[in-house]
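Asks: Dropping a structure here in structure tokens format, bear with me for questions.
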Amino acid sequence: MKPSSVVIVAGFLILSVTSLAQAQGEPASGEPAKLSDLLAEAERNNPRIQAARHGWEAAKQAPTQVSTLPDPEVMVQQFSVGSPRPFAGYTNSDFAYVGLGFSQDIPYPGKLRLRGQIAKKGADVQEESYESMRRAVLAEVKTTYFELGYLSERTRILSADGDLLRQVEGSAEARYRSGVGNQQEVLQAQLEQTKMIREITLNQLEMGKTQAAIKQLLNRPQTSPDIEAAALSETPLSYTYEQLLAAASANNPEIAGMQKKVEEGKLQVDLAKRDFYPDFNVQYMWQRTDPTQFRAYYMLTFGVRIPIYRGRRQQPELAQAEAEQNRSKSESESVTEQIAAGLRAEYVSAEKSAELLKIYREGLQPQARAEFEAGLPAYQSNREDLQALLASFLDVLKLDEEYWQTLDEHETSLAQIEEATGLSLR
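Positions in the sequence shown are counted from 1; adding 419 to them yields our numbering.
This is how it looks when you write it as structure tokens:
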């Protein structure tokens, strides 16, 4: 290949990298979206949050229903003799009559109250479920927002470090024209340019997926304008793990929901014990025969529903309620330990990522950039080979990307801590 053809290929690659960085790499125009605004929008519009809220609203309607007496039954009786026609027979028999009455079932004292309390605990569990869903969705919004910020920053890094790579390529071409270098060095520099195009394209692929995810969380149309995230910045963590654990124990909706399920199970056991006692029924009837000959009749009936099948109904019901209560206790302990372990993992991640960020800022990144900046003139003066220069360039690129990825992970860990504890760390 002639030197001129090498230069043409190099120029084409430079234009390709530049156009991709400009056309695909730049974030959406306009002001960056504030995270607080997106969180408020998600809380208003996210279907999962709305569904959980409606479930809670529906559960709040149950206590009064189950704690109210059964509807009374109103009865109309007609008894005739000698004629099948309704209300006929007064002239045929002294036994014919018309009666009016009502019947009311009355559960054993305390059953209705317990059913209302159980339904109230169920509504409280639904409330905690709603709060848990709300926090989970908001944590997803935060995580996706931080990912979007990282990808935007990575686009900037690829564009900026692409300028450094073009300096390397220009030096390789200059050495080749002067007869000091060789064609392989130019081609190798061009290969790195092509790899840079690939990285920009892959970054845009991830950017598109992240845009789709955050629009789904906000319940926005996928055809709506893309969201621009603000620049990532490190948020310090000023709490100890013990403080965070105490906050999670007091404020975590999953823990609170499981504790209320245990309380609901205790009430179910109490209700199952009450089912060993009878329920009652009261009936009152008024009967009128021939009003010219007889006075009206009044009849009061008191019935008792006796639970005689205890071995097949009430005892299994009590055993089931006790088993469900024990299951709720075990699940509550499991959820508490799971949240404590997850909180510990996120706390360590946030703590160590903060240390890594300091190492990147104060050590790795300046050192890598200094090595590259020293290597470029050394390569131009034929005191260093291209492989060493490209290696130092790749170190700069890799460490820049790792820094922002670590920052993304740090902020994501804080989002998970906020979800578990209910604290606002920003």
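All residues carry an ideal CB built from backbone N, CA and C; glycine is no exception. It should be emphasised that the depicted structure is a prediction, and the values quoted were computed from it without experimental measurement.
(1) Is residue 826 closer than 9 Å to residue 658 when the C-beta atoms are compared?
(2) Would you check if the distance between the CB atom of residue 912 and the CB atom of residue 518 is smaller than 9 Å?
(3) Quick check: residue 676 and residue 740, are their CB atoms within less than 9 Å of each other?
(4) Within 10 angstroms of its Cβ, does residue 592 collect 16 or more other Cβ (buried), or is it exposed?
(5) Less than 8 Å between the CB atoms is what I'm expecting for residue 694 and residue 736, so what's the real figure, rounded?
(6) Counting pairs of Cβ atoms below 8 Å between the stretch 617-627 and the stretch 836-844, do you hit three or more?
(7) CA-CA distance, residue 792 and residue 574?
(8) For residue 770, which residues in the same chain have their Cβ closer than 8 Å to its Cβ, ignoring the five residues on either side in sequence?
(9) If you count every other CB in all the chains shown that lies within 10 Å of the CB of residue 587, and 16 or more means buried, which is it?
(10) Sort out for me which residues DSSP pairs residue 724 with in a bridge.
(11) Take every Cβ of the stretch 531-550, pair it with every Cβ of the stretch 718-735, and state whether three or more of those distances are shorter than 8 Å.
(12) Quick check: residue 772 and residue 682, are their CB atoms within less than 9 Å of each other?
(13) Indicate the three-state DSSP secondary structure (helix, strand or coil) for residue 712 in the structure shown.
(14) Select from 525, 789, 619 the residue whose C-alpha is nearest the C-alpha of residue 723.
(15) In angstroms, rounded to a whole number, what distance separates the CA positions of residue 457 and residue 464?
(16) I'd like to check one pair, residue 467 with residue 544: are the Cβ atoms closer than 9 Å?
(17) On the three-pair Cβ rule with 8 Å, is the stretch 606-619 touching the stretch 803-814?
(18) Within this structure, are the beta carbons of residue 745 and residue 721 separated by less than 9 Å?
Replies: Walking through what the data contain:
(1) Result no, Cβ atoms of residue 658 and residue 826 do not sit closer than 9 Å.
(2) Given that the chain is displayed from residue 420 to residue 845, the structure contains no residue 912 and the question cannot be resolved.
(3) no
(4) buried
(5) 6 Å
(6) no
(7) Cα-Cα distance, rounded: 22 Å.
(8) 656
(9) buried
(10) 698
(11) no
(12) 9 Å or more divides the Cβ of residue 772 from the Cβ of residue 682.
(13) coil
(14) 525
(15) Residue 457 and residue 464: Cα-Cα distance of roughly 10 Å.
(16) no
(17) yes
(18) Taking 9 Å as the Cβ cut-off, residue 745 and residue 721 do not qualify as a contacting pair.
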